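To convert, count from 1 in the sequence shown and add 1063; that's the numbering used here.
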Amino acid sequence: MKRASRFRLPALALTVGALVAGTVAATEVSASTARTSSAAVPGEAAAATRLIVRYRADAAEAKSDSALLRDARAKADDIIGDLRVERRLGTGAALVDLGGKAGTDELADALATFRADPDVAYAVPDRRAFAAAVTPNDTKYTDQWDLTDTTVGMNVPGAWDKATGKGVRVAVIDTGYAAHSDLSGNILAGHDFITDRDTANDGDGRDSNPADPGDWMKKGDCGYDDNGDPAPARDIDSSWHGTHVAGTIGAVAGNKKGIAGIAYNAKVQPVRVLGWCGGAASDIIDAITWSSGGTVSGVKDNPTPAKVLNLSLTMKGSCDPAVQDAVDDAVGRGASVVAAAGNDAKKVSGYAPANCDNVIAVAASDAQGDRASFSNYGTGVDITAPGRDIWSTADTGTESPLKETYVTMSGTSMAAPHIAALAALMIEKNPALAPAQIEATIKKQARALPGTCSGGCGSGLADAAATLGVLYGNGSDVAIPDKGAAVGSSIVVNRSGYGPASLKVNVKIKHPYRGDLKVSLVAPDGTVFALRSADKAKGKDLTATYPVNASRVLAKGTWKLQVTDAEPGDTGHLDAWGLTF
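Written as structure tokens, this is what we have:
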């Protein structure tokens, strides 16, 4: 495929032979126009030609496109004169284009102008993200040590008798999907969110086809690194990064070929945001929104929204409010967001989206149980998972897809899908788990790294068997009659000893008025724990986690959740509930 002429970018963190975390100027020009930018703005990301601007909720510009356009025209006179609004993102923020000739001064003026407006909640540059993988290692392993080794692996087979991910959808927000027979049975329809045709590398912009056409690069295609050397320093073959990540999560098991995904009965939704020389933050924001069930202008709503989002990509710098908005909205819709910590062997606090709130940030370990030498670290890491020499699905094509294959790759990109897949197993086992409870349970059941970790590896090495061992749930719907008798749903627990002093009861109920609901837990010996009284509180639906001191009750036996609608006028149903021991 013929590409547009090469363009100069400011310093970016693109390691030789590997796509790693970095910040690159984002631009918006035609495919036949060379793209330019200048040095980084002090205190900001590398100079960009697009801004992400969000107005306060009570501002006219937040509610009206015409008001937004009027405001943009008024501000254009103070900046460069050709400012235009491209579109609204799924979060409601606006993507504002400064024009292809904008440089450092214009960016600084634009940011200052928007930030000085009291109606503006935030204005940030549209940054560039890259896949968080390092050069594949050719070392051959006879099996998937990352899954099966009970010392340095994630102890996955011990979880498969409890859950395999059935019924759970995981979005892989990445380079897209190269067709592979070991994955095809578990692939859902996805979307391509790349707007820039050069980056897309498939001849068009956004569409419903998330196929990966390849992301190969020639020497210097992506500008220059911090030392002024061409980036990349040599020609780079296509990575098939998203396909590799997807295989770790959902490769088919039991088909006498290839590998087994950790959640091999889950469905994987490929969502394309990374292409030639990375991808734009604005596209990633919309992909997060759409994947989790939010609405993105100009894109049909996702008919199969995911409960887990995997982001094996990083951008240098803080988690700006534009990215944080997208993450918060996704979590608010009930999706867990998992992100790679990054591969610069530095503190994760300098890498988004792993440093965002409400994200499960994942560091990488190796086959010796040590923190992988490339992995970022620090107090912002939540958990560690295997990430060096990980076998998964790929393609042999050096540019375009050619023939399916299996390769090893290394990076926190490879560690993150281990945790995304574990979250899928957990959701199958206990469908009532909220994202915060998923993160807390994974961290609580982790074990210490058998090797060494300097700088901080979160709660330790994730343990799938231990995590699934504390979860019990029931996802069958139970109708709740209008001001009728209590209805119940049961869970059989096979555990010895007494319950914990902090038993967590996870409840999801669909109902027009949650204030009508009375909820109780009945232990196997008949002990009743009142969880909620009918308090006539306003608001629909009930999603909650209730702590119960069950230390005087034997755990083994049948536990029952009882729900009563105490007021007339409406009906609902118990969607799911579960216990976390």
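Beta carbons are placed, not taken as given, at the ideal position from N, Cα and C, and that holds for glycine. Keep in mind it's a predicted model, so treat the numbers as computed, not measured.
Exercise for the section: Compute the Euclidean distance between the alpha carbons of V1626 and V1550, then round it to the nearest angstrom. Expected result: Those two C-alpha atoms are separated by around 5 angstroms.
Handout entry: Residues bridged to P1464 [DSSP beta-bridge criterion]
Key = Within the DSSP bridge table, the entry for P1464 names no partner.
Practice task
For S1095, count neighbouring C-beta atoms within 10 Å of its own C-beta (all shown protein chains included) and say buried if the count is 16 or more, exposed if not.
Solution key: The pLDDT assigned to S1095 is 22, lower than 50, so where the model puts this residue is not dependable; a value taken from the coordinates is nonetheless given after this. Burial call: exposed.
Handout entry: Contact check, P1276 vs P1333, beta carbons under 8 angstroms
Key = In this structure, P1276 sits away from P1333, with a CB-CB distance that is not shorter than 8 angstroms.
Problem - Contact between the region 1409–1416 and the region 1221–1233 (3+ Cβ pairs under 8 angstroms) - result: The region 1409–1416 vs the region 1221–1233: no contact.
Handout entry: Beta-bridge pairing of M1477 - partner residues as DSSP gives them
Key = Answer by DSSP bridge pairing: none, since M1477 is not bridged.
Practice task
Could you tell me the boundaries of the alpha helix (DSSP H) in which K1126 lies?
Solution key: Its alpha helix (DSSP H) spans residues 1123–1126.
Handout entry: For P1449, the residue or residues it bridges with in DSSP
Key = Answer by DSSP bridge pairing, in chain order: S1428.
Exercise for the section: Sort V1187, R1178, D1168, S1596 by Cα distance to L1158 and report the nearest one. Expected result: Ranking V1187, R1178, D1168, S1596 by Cα distance to L1158 puts V1187 first.
Practice task
Would you mind reading off the limits of the beta strand (DSSP E) that contains V1582?
Solution key: V1582 -> beta strand (DSSP E) spans 1580–1585.
Handout entry: Residue from V1308, D1579, E1124, T1352 whose Cα sits closest to the Cα of A1457
Key = Nearest C-alpha to A1457 among V1308, D1579, E1124, T1352: V1308.
Problem - Limits of the unbroken beta strand (DSSP E) element including S1029 - result: Nothing about residue 1029 can be reported from this structure: the residues present for the chain run from 1064 to 1644 only.
Exercise for the section: Kindly indicate the opening and closing residues of the alpha helix (DSSP H) around P1384. Expected result: Start and end: 1384–1395.
Problem - When L1485, F1256, V1422 are compared against A1222, the one with the closest alpha-carbon - result: Checking every option, the nearest Cα to that of A1222 belongs to L1485.
Problem - Helix, strand or coil at M1489 [DSSP, three-state] - result: Helix.
Practice task
Provide the residue span of the beta strand (DSSP E) that contains G1536, from first to last.
Solution key: For G1536, the uninterrupted beta strand (DSSP E) run begins and ends at 1534–1537, by DSSP.
Problem - Meets three-Cβ-pair contact criterion under 8 angstroms: the region 1611–1629 and the region 1576–1592 - result: Using a C-beta cut-off of 8 angstroms, the region 1611–1629 makes contact with the region 1576–1592, since at least three inter-stretch Cβ pairs fall below that distance.
Problem - Contacts around L1174, its chain only, beta-carbon distance under 6 angstroms, and the 5 residues preceding and following it disregarded - result: Contacts found: A1186.
Problem - Delimiting residues of the beta strand (DSSP E) encompassing I1572 - result: It spans 1566–1573 - the beta strand (DSSP E) in which I1572 sits, taken as one unbroken run.
Problem - Test item: CB-CB of A1478 and V1425 under 8 angstroms - result: V1425 is positioned such that its CB atom lies closer than 8 angstroms to that of A1478.
Exercise for the section: For T1367, collect the residues of the same chain with a Cβ closer than 8 angstroms to its Cβ; drop the 5 residues on either side in sequence, then sort them by chain order. Expected result: Only residues of its own chain outside the window of five on either side were considered, and among them R1232, L1251, A1252, K1330, Q1332 have a CB closer than 8 angstroms to the CB of T1367, listed in chain order.
Exercise for the section: With distances taken Cα to Cα, identify the nearest neighbour of L1642 among A1326, G1562, D1604. Expected result: Comparing Cα positions, the closest option is G1562.
Exercise for the section: Measure from the alpha carbon of D1121 to the alpha carbon of each residue in L1131, T1238, L1114, then state which is nearest. Expected result: Its Cα nearest to that of D1121, the residue L1131 stands out among L1131, T1238, L1114.
Practice task
Quick one: give me the first and last residue of the beta strand (DSSP E) that D1638 is part of.
Solution key: Where D1638 is concerned, the enclosing beta strand (DSSP E) stretches over 1635–1643.
Handout entry: From Y1287, A1314, W1339, P1384, residue whose alpha carbon lies closest to that of A1242
Key = For A1242, the nearest C-alpha among the options comes from A1314.
Problem - Beta-bridge pairing of N1373 - partner residues as DSSP gives them - result: Its beta-bridge partners are V1235, V1401.
Handout entry: DSSP three-state assignment for F1177, whether helix, strand or coil
Key = Residue state, collapsed to three classes: helix.
Problem - Same chain, Cβ closer than 6 angstroms to C1516, five either side skipped, listed in chain order - result: Cβ neighbours of C1516 beyond the five flanking positions: R1434.
Practice task
Take the Cβ of R1119 as the centre, count every other Cβ of all protein chains shown within 10 Å, and call the residue buried at 16 or more, exposed below.
Solution key: Note on R1119: under 16 other CB atoms within 10 angstroms of its CB, so exposed under the neighbour-count rule.
Handout entry: Q1625, DSSP secondary structure in three states
Key = DSSP places Q1625 in strand when its eight states are reduced to three.
Exercise for the section: Would you check if the region 1340–1359 and the region 1381–1388 touch, i.e. whether three or more CB-CB distances between them fall below 8 angstroms? Expected result: Per the Cβ contact rule, the region 1381–1388 is in contact with the region 1340–1359 (3 or more Cβ pairs under 8 angstroms).
Practice task
Can you say whether H1574 is buried or exposed, counting buried as having 16 or more other CB atoms within 10 angstroms of its CB?
Solution key: Here H1574 is buried: its Cβ has 16 or more other Cβ atoms, across all protein chains shown, within 10 Å.
Practice task
Tell me whether Q1207 sits in a helix, a strand or coil according to DSSP, three-state version.
Solution key: Of the three classes helix, strand and coil, the one that applies to Q1207 here is coil, per DSSP.
Exercise for the section: Please list, in chain order, all residues of the same chain as A1316 whose beta carbon is under 6 angstroms from its beta carbon, the five residues on each side excluded. Expected result: Correct list, in chain order: A1323, Y1327.
Practice task
State yes or no: is the beta carbon of S1473 nearer than 8 angstroms to at least one beta carbon in chain D?
Solution key: Among the chains of the structure shown, chain D does not appear; only one protein chain is present.
Practice task
Keeping to the same chain, check which residues put their C-beta closer than 7 angstroms to that of L1496; ignore five residues upstream and five downstream.
Solution key: Cβ neighbours of L1496 beyond the five flanking positions: M1489, I1490, N1569, G1641.
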